[in-house]
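Participant: With our numbering applied, the sequence shown corresponds to residues 1 to 215, in that order. We put the beta carbon where it would ideally sit given N, CA and C, even for glycine. Fair warning: this is a prediction, and the values are worked out from it, not measured in the lab. Pasting a structure below so you can have a look.
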Amino acid sequence: MSSPSAHETVAKTTQDTDSRLKWLQDHVQFVQAFAKNPLGIGAILPSSRALAAAITAHLQPGSGKVLELGSGTGAFTQYMLTRGFDPADLILVEQDAALAARLRRRFPQSTLLQIPAQTLHLHYDTTQRDIVATVCGLPLRNMNRSVHAQMLKATFDAMRPEGALYLFTYGPTCPVSAYTLNALGLTSRLTAFVVKNLPPACVFCITRVPDATQG
1 MSSPSAHETV
11 AKTTQDTDSR
21 LKWLQDHVQF
31 VQAFAKNPLG
41 IGAILPSSRA
51 LAAAITAHLQ
61 PGSGKVLELG
71 SGTGAFTQYM
81 LTRGFDPADL
91 ILVEQDAALA
101 ARLRRRFPQS
111 TLLQIPAQTL
121 HLHYDTTQRD
131 IVATVCGLPL
141 RNMNRSVHAQ
151 MLKATFDAMR
161 PEGALYLFTY
171 GPTCPVSAYT
181 LNALGLTSRL
191 TAFVVKNLPP
201 ACVFCITRVP
211 DATQG
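This is the structure:
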């Protein structure tokens, strides 16, 4: 078995260095965003690859458009691209100006909306109902019941009847109250517990209840 050439060794070293630099830049920018708006960001570090895998596990490339709420530094976005998702099928929502600017540079082929998630219906034609799934990285425990209701209504109005929203939380229960879910005809279930994240996180799936889908 031949040894790698000097050119291959240099190329790999450069690639590894670029990867570490991007990782560092992501973390620095995320911490800066957290320092400016801790309640709006909700975590001091970006989501891990393990969490990205868990929250996107039930999504399939080529099945339709995917909405991502609170895209942050793009950890979930990048993971979906490595899985073969078409960047044109990704709709990224990020309210923070600095994070949105970075997302726009990193993922120019994806749609980016720099808006609060609960105002989606004002900036996207939800009547198309062309979104098959939503990935939510928002700190829902830091938001009130009214914001939850507005965000969920706008999101599910934009999704196909069978669409699902996947979210993560650092607590053992769904951050959206049973009252809010029931009022909107929705239900939640735990789909994963991710130890390899700081802090460890639970992943929940929210869908329409069967009667609501038929209606």
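#1: Counting along the chain, where does the beta strand (DSSP E) carrying PHE193 start and finish?
#2: Under the DSSP definition of a beta bridge, which residues are partnered with TYR166?
#3: For ASP153, write down the residues that DSSP places opposite it in a beta bridge.
#4: Could you check the C-alpha separation between ALA50 and VAL194 for me, to the nearest Å?
#5: Express the C-alpha separation of HIS58 and VAL135 in angstroms, rounding to a whole number.
#6: At the 7 Å Cβ level, is GLU68 part of the contact set with chain C, yes or no?
#7: In the DSSP assignment, what are the bridge partners of MET159?
#8: Output needed for PRO199: all residues of its chain with C-beta closer than 6 Å, excluding positions within five of it in sequence on either side, in chain order.
#9: Tell me which residue opens and which closes the beta strand (DSSP E) that LEU67 is part of.
#10: Figure out for me which residue from MET80, LEU99, TYR79 has the closest Cα to the Cα of GLY70.
#11: Do ALA88 and GLN109 have their C-beta atoms within less than 7 Å of each other?
#12: By Cβ distance below 7 Å, which residues in the same chain neighbour ALA201 in space, the five residues on each side in sequence not counted?
Facilitator: Looking at the atomic coordinates:
#1: Secondary structure note for PHE193: its beta strand (DSSP E) is the uninterrupted segment 186-194.
#2: The partner list for TYR166 (beta bridge, DSSP) reads VAL135, CYS205.
#3: Sequence check: residue 153 is Lys here, not Asp. Looking at the DSSP assignment, LYS153 forms no beta bridge with any residue, so it has no partner.
#4: Between ALA50 and VAL194, the C-alpha separation is close to 7 Å.
#5: Answer to the nearest angstrom: the Cα atoms are 11 Å apart.
#6: Looking at the structure shown, chain C is missing, and only one protein chain is on hand.
#7: According to DSSP, MET159 bridges with ILE131.
#8: Cβ within range, chain order: TYR170.
#9: LEU67 -> beta strand (DSSP E) spans 65-69.
#10: Ranking MET80, LEU99, TYR79 by CA distance to the CA of GLY70 puts LEU99 first.
#11: Taking 7 Å as the Cβ cut-off, ALA88 and GLN109 qualify as a contacting pair.
#12: Correct list, in chain order: LEU51, PHE168, THR169, TYR170, VAL194.
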